[in-house]
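Heads up: the sequence shown is residues 1 to 211, going by the UniProt record's numbering.
Worksheet: the structure to be examined is printed underneath.
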Amino acid sequence: MTSPGPQLAELSSSMSRVAAALRRTLRSLYHVHPGRDDDAMATTAELLADAVDAAGTLGLGQDSEVRYTRSPLSGEMNPIAPPVSYEYGTRSITAKVRFHEGYQGPPACVHGGMVAALLDDALGRTRHLTGRNCVTGSLNITYKRPTPINADLVVEARIEEILERKFRVTGEIVYDGHTTASAEAVFVFLDDKKFNALVSDARDASRESNT
Numbered sequence: 001m002t003s004p005g006p007q008l009a010e011l012s013s014s015m016s017r018v019a020a021a022l023r024r025t026l027r028s029l030y031h032v033h034p035g036r037d038d039d040a041m042a043t044t045a046e047l048l049a050d051a052v053d054a055a056g057t058l059g060l061g062q063d064s065e066v067r068y069t070r071s072p073l074s075g076e077m078n079p080i081a082p083p084v085s086y087e088y089g090t091r092s093i094t095a096k097v098r099f100h101e102g103y104q105g106p107p108a109c110v111h112g113g114m115v116a117a118l119l120d121d122a123l124g125r126t127r128h129l130t131g132r133n134c135v136t137g138s139l140n141i142t143y144k145r146p147t148p149i150n151a152d153l154v155v156e157a158r159i160e161e162i163l164e165r166k167f168r169v170t171g172e173i174v175y176d177g178h179t180t181a182s183a184e185a186v187f188v189f190l191d192d193k194k195f196n197a198l199v200s201d202a203r204d205a206s207r208e209s210n211t
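Put into structure tokens, the structure is as follows:
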């Protein structure tokens with residue numbers, strides 16, 4: 001029996017379509033010449049942006065079930081997410097993903113920052129297997145070979161050691177049987193009071209930056 005991951009809010013059919021269309025737009029825009037003059041396209045994009053703005057009724061503080069749909073790596077409601085799909089075991093996680101050309105760094109390769117973000121997300125999600133709040137204490141990444149775009153990638157993350165105040169996780173990205181990057185992380189457990197205080201401080205800083 002597998003351990004459950006985070007509970008997610010269900011997307012309506014229309015919101016799934018909106019997110020999918022925006023995700024497709026981001027990929028397609030990669031192939032449009034930056035010098036193209038197309039007022040009709042610009043107007044259509046602006047109308048969509050206006051419609052999404054008008055539909056926004058939620059603030060920054062959202063329930064976790066909703067917030068997880070916004071993940072920049074796995075959020076179905078976030079068009080910048082590839083998205084990543086996760087399967088949860090008892091002490092390990094397996095993820096599958098394809099990065100399109102919009103995530104390209106060197107020619108035909110996933111940007112190294114996205115590689116790091118993917119490993120950070122995958123290793124960090126093992127916290128759901130512990131049932132406790134935590135923050136990242138350290139994350140070390142080793143780049144072994146280029147990670148290709150438009151390719152089926154598998155990410156493995158496993159808990160190696162659980163101590164009283166922290167736990168250690170290792171993981172890697174694999175393409176066609178070869179490891180393209182590996183990582184080791186240490187996550188520090190926090191009680192609810194400390195964790196909520198950190199979240200509150202971050203929200204206050206975000207509000208200040210928007211004033």
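Virtual Cβ for every residue (Gly too), placed ideally from N, Cα, C.
Between residue i and residue j, which are expected to be in contact by the criterion C-beta below 8 Å, what is the C-beta distance as a whole number of angstroms?
i      : j      : result
Asp121 : Leu73  : 4 Å
Val188 : Arg203 : Not really, about 21 Å apart at Cβ, beyond 8 Å.
Ser92  : Arg158 : 4 Å
Tyr143 : Ala108 : About 16 Å; that fails the 8 Å criterion.
Leu129 : Thr90  : 7 Å
Under 9 Å between the Cβ atoms of residue i and residue j?
i      : j      : result
Glu156 : Thr94  : yes
Phe99  : Ile141 : no
Ala19  : Asn78  : yes
Val97  : Pro106 : no
DSSP has residue i in a bridge; who is on the other side?
i      : result
Asn140 : Glu184
Pro72  : Pro72 pairs with nothing; no bridge assigned.
Gln104 : Val110
Tyr88  : Ile93
His178 : Tyr175
Thr170 : Arg158, Glu184
Phe189 : Cys134
Leu153 : Val97
Pro148 : Cys109
Whose C-alpha, out of the options, is nearest the C-alpha of residue i?
i      : options                      : result
Thr25  : Phe187, Tyr86, Ile80, Glu172 : Ile80
Tyr86  : Gly124, Thr43, Ala55, Ser138 : Gly124
Ser206 : Pro34, Phe167, Gly61, Asp50  : Gly61
Ile162 : Ala185, Glu101, Ala9, Gly56  : Ala185
Gln104 : Gly75, Ser138, Thr147, Asp63 : Thr147
Gln7   : Arg36, Tyr88, Asp37          : Tyr88
His178 : Asp152, Leu190, Asp191       : Asp152
Gly75  : Ala181, Leu118, Leu48        : Leu118
Glu101 : Glu46, Leu48, Leu129, Arg23  : Arg23
Ile173 : Gly56, Met114, Thr44         : Met114
Problem set entry | Contact the segment 188-199 vs the segment 123-137: 3+ CB pairs below 8 Å | yes
Exercise. Is the segment 65-84 close to the segment 13-28, with three or more CB pairs under 8 Å?
Worked result: yes
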